[in-house]
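Peer 1: Okay, here's the structure, questions in a sec.
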Amino acid sequence: MYIQLNGQVIYYEKTGEGSPVILVHGNGETHKIFDVLIPALSKQRTVYAMDSRGHGLSAAVSEYHYADMAEDVAAFVQALDLVRPAFYGFSDGGIVGLIAAIRYPALFSCLAISGANLTPYGWKFYAKLSVRLVYLKNKNPLARLMLKEPSITKAELSKITVPSLVLAGAKDIIKKSETKRIADGIPNSTLKILLGENHFSYVVHSPKLFPLLDDFFEKHS
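The sequence shown begins at 785 in the numbering used here and counts up one residue at a time.
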């Protein structure tokens, strides 16, 4: 389905019935990375899986900013009259969720993120270097986004008041210290570092994420 938000055409898929949950993918991906997660979640919930602006079937953009994507999520909730949905965002989607929850503290019932970072310095060196090389080669605007943004402060994190679940893989491309910084900055948060997992392994086309989110949403959404 398509919806126009903030002058952008955004594609999303709606599945299931019950309390609402919004899913947002990472950089250069689409909602299809959640093809295993969505059927499991939608057995008891209404799942809204969005393609972020400039991704998938959503309209193209000339430049990317996390704040714009966060405003799209807030407008999406308002346009569909969703009452405090739960939110899960992966990687860039996690950044989007953090910004949306900071700007609109009453928007979500609870917030779950994985593999997110507060600044570009939160990346491990080799990962940031690979992104920089991609940008130098083809000036990819999505690579530029990751090199320039976000810039989320500890004071801003303290504005997130909803229960929050902060996830990362033990072998993540995001520094462990960065993930801990996020969890420490959110007053009502739970941190889980998943042993044996990397940035993508427990999320993309994986059944591993469902029990973590199902338990968290059951308690808080």
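C-beta atoms are modelled at their ideal positions from N, C-alpha and C, and glycine is treated no differently.
1) Exposed or buried, what is Y905 when buried is set at 16 or more other beta-carbons lying within 10 Å of its beta-carbon?
2) I'd like the list of long-range same chain contacts for S1005, defined as Cβ closer than 6 Å, with 5 residues on each side in sequence excluded.
3) Which residues mark the beginning and the end of the alpha helix (DSSP H) in which N922 is found?
4) Mapping DSSP to helix, strand and coil, what is Q862?
5) Please report how far the alpha carbon of A858 lies from the alpha carbon of Q788, in whole angstroms.
6) I'd like the span of the beta strand (DSSP E) that includes I787, first residue to last.
7) Here's the rule: buried if 16 or more other CB atoms are within 10 angstroms of the residue's CB, otherwise exposed. What is P995?
8) Does DSSP put Y986 in a helix, a strand or coil?
9) Do S826 and Y795 have their CB atoms nearer than 8 Å?
10) By the DSSP assignment, the alpha helix (DSSP H) with V880 in it spans what residues?
11) From the DSSP secondary-structure annotation, give me the bridge partner or partners of I806.
12) Looking at V805 and P991, is the spacing between their C-beta atoms short of 8 Å?
13) Quick one: what does DSSP say L975 is sitting in, helix, strand or coil?
14) With a Cβ-Cβ cutoff of 8 Å, do T945 and P889 count as a contact?
15) Where do the ends of the alpha helix (DSSP H) carrying K943 lie?
16) Quick check on this structure: which residue in Q828, D835, E801, M785 has the alpha carbon closest to the alpha carbon of L807?
17) Pull the bridge partners of S898 from the DSSP assignment, please.
18) Could you check whether A954 and L978 sit closer than 8 Å to each other, using their CB atoms as the reference points?
Peer 2: Let me spell this out:
1) exposed
2) S803, A870, S893, C894
3) 909-922
4) helix
5) 13 Å
6) 786-789
7) exposed
8) coil
9) no
10) 876-887
11) Y832, F871
12) no
13) strand
14) yes
15) Where K943 is concerned, there is no enclosing alpha helix (DSSP H), given that its DSSP letter is neither H nor E.
16) D835
17) F874, L951
18) yes
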